[in-house]
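Worksheet for the structure shown next.
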Amino acid sequence: MTYVVTENCIRCKYMDCVEVCPVDCFYVGANMLVIHPDECIDCGVCEPECPAEAIFPDSDERATDWAELNRTYAAQWPNMSRKGEPPADAKEWDGKPDKKALFDAAPGEA
Ligand code: SF4
Ligand code: SF4
């Protein structure tokens, strides 16, 4: 099992999750984060820390569509272990539907 970052992280990117992860397995893209499934130790600490409620265990059906994307981009984006500055308009994007179309495959800055 692993934990998976899903749609509502897009453009919210609060990064509270990276502060609590004991194995630093978050990777950063231009407008969301992902979890490396082979590095995650399934501790579950990050799930309640996410203000956007974007993290789910891969056994949850809300994670299903996002598991492959996490695996793919965790191998391409830089590792992030410290919280950065969230986007100024993060709150406005929290909970907006259909954010998947806004996904940006470009790497972010760690
Ligand atoms: S805390 Fe949640 S919204 Fe913020 S970067 Fe982590 S997964 Fe994304
Ligand atoms: S479940 Fe634990 S190890 Fe996995 S990403 Fe969250 S905090 Fe890190």
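For the record, in the sequence shown the residue sitting at position 9 is 9 according to UniProt numbering, with numbers rising by one throughout.
Ideal Cβ placement from N, Cα and C applies to all residues, glycine included.
Quick caveat: nothing in here was measured; it's all calculated off a predicted structure.
The stretch 46-60 and the stretch 100-107 do not touch, with fewer than three beta-carbon pairs separated by less than 8 angstroms. Distance from the CA atom of residue 82 to the CA atom of residue 24, rounded to whole angstroms, is 9 angstroms. Taking the Cα of residue 95 as reference, the smallest distance to any Cα among 30, 85, 53 is reached at 53. The beta carbon of residue 14 sits closer than 8 angstroms to at least one heavy atom of ligand 1. Taking all protein chains in view, the Cβ of residue 6 is crowded by 16 or more other Cβ atoms within 10 Å, so the residue is classified as buried.
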